[in-house]
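Residue numbers (the numbering used here): 219 to 427. Beta carbons: idealized from backbone N, C-alpha and C, even for Gly. Presented below is the structure to which this report refers.
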């Protein structure tokens with residue numbers, strides 16, 4: 219694993235893990251605290267040397283989301299991001315997903331040892347988790363991509379054929395949205411604009427997207 223000099227972000231992460239009040243510590247003071255912590259634990263030193271992936275636009279990012287962050291995975295999919303999430307990951311899963319260039323999102327410090335470039339999410343609330351990803355340049359508000367992916371399967375949605383729509387969607391929905399109905403080729407669910415989607419848009423706007 220490659221190593222980089224400690225920066226403010228890495229220092230804040232390790233101090234967070236150690237439950238140190240980093241907001242009240244300046245950078246020079248923090249370096250001293252981190253160095254002393256790192257000398258005591260190889261795990262913490264490797265966390266500090268974790269390397270983030272670079273390059274590519276935020277909409278090109280693909281994520282692997284820890285199981286405990288299922289709600290975050292759902293909202294990333296709503297925003298159009300490829301966000302894979304499953305209940306359990308073994309070492310073979312880790313290697314396979316790493317080859318896909320996915321960015322691991324986790325609140326588990328042990329995961330940082332298994333995945334180069336993993337992102338440690340400091341907040342435990344969804345709103346703040348999304349804002350952290352936005353501040354770090356990993357996601358952006360690209361509205362043209364919203365609602366383009368299945369929230370259940372993570373598959374890109376396809377435009378539904380009229381015949382399939384008339385057989386699977388209420389008539390009033392088809393009459394109101396004759397060309398705006400999508401479907402998931404994996405779970406065969408149909409999606410269309412409605413009050414539920416508008417509530418999601420309002421929520422994202424409230425969160426600053």
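Taking C-alpha atoms, which residue in the options lies nearest to residue i?
i: residue 361; options: 287, 289, 427, 390; result: 427
i: residue 317; options: 334, 372, 402; result: 334
i: residue 286; options: 365, 304, 314, 379; result: 304
i: residue 378; options: 387, 390, 401; result: 401
i: residue 358; options: 385, 319, 299, 409; result: 299
i: residue 279; options: 341, 311, 323, 385; result: 323
i: residue 307; options: 292, 293, 329, 319; result: 329
i: residue 342; options: 288, 365, 355, 354; result: 288
i: residue 411; options: 391, 291, 421; result: 391
i: residue 291; options: 315, 347, 393, 313; result: 347
Which residue comes first and which comes last in the beta strand (DSSP E) that contains residue i?
i: residue 283; result: 280-283
i: residue 301; result: 300-303
Would DSSP call residue i helix, strand or coil?
i: residue 392; result: helix
i: residue 377; result: strand
i: residue 400; result: strand
i: residue 367; result: strand
In terms of residues, what are the limits of the alpha helix (DSSP H) holding residue i?
i: residue 322; result: Taken as a continuous stretch (DSSP letters only), residue 322 belongs to no alpha helix (DSSP H), being part of the beta strand (DSSP E) at 321-324.
i: residue 288; result: 288-296
i: residue 383; result: 380-386
i: residue 309; result: 309-317
i: residue 419; result: 413-424
i: residue 352; result: 344-353
i: residue 330; result: 329-332
Given residue i, which residues of its chain have a CB within under 8 angstroms of its CB, disregarding the five upstream and five downstream residues?
i: residue 244; result: Residue confidence is low: residue 244 scores 44 on pLDDT, short of 50, so the model does not pin down where it sits. Its coordinate-derived value is still stated next. So no residue of the chain qualifies.
i: residue 403; result: 373, 376
i: residue 309; result: 332
i: residue 295; result: 301, 367, 368, 369, 372
i: residue 336; result: 268, 321, 322, 323, 324, 329, 330
What residues in its chain sit with their C-beta under 6 angstroms from that of residue i, if we drop five residues either side in the sequence?
i: residue 325; result: 339
i: residue 406; result: none
i: residue 351; result: 357
i: residue 383; result: 392, 399
i: residue 315; result: 282
For residue i, which residues of its own chain have a beta-carbon under 7 angstroms away from its beta-carbon, when the five flanking residues on both sides are left out?
i: residue 418; result: 296
i: residue 364; result: 296, 297, 298
i: residue 395; result: 410, 411
i: residue 386; result: 408
i: residue 345; result: 425
i: residue 415; result: 365
Closer than 7 angstroms: is that where the CB of residue i sits relative to any heavy atom of the ligand ZN?
i: residue 300; result: No copy of the ligand ZN appears in this structure; indeed no ligand is present at all.
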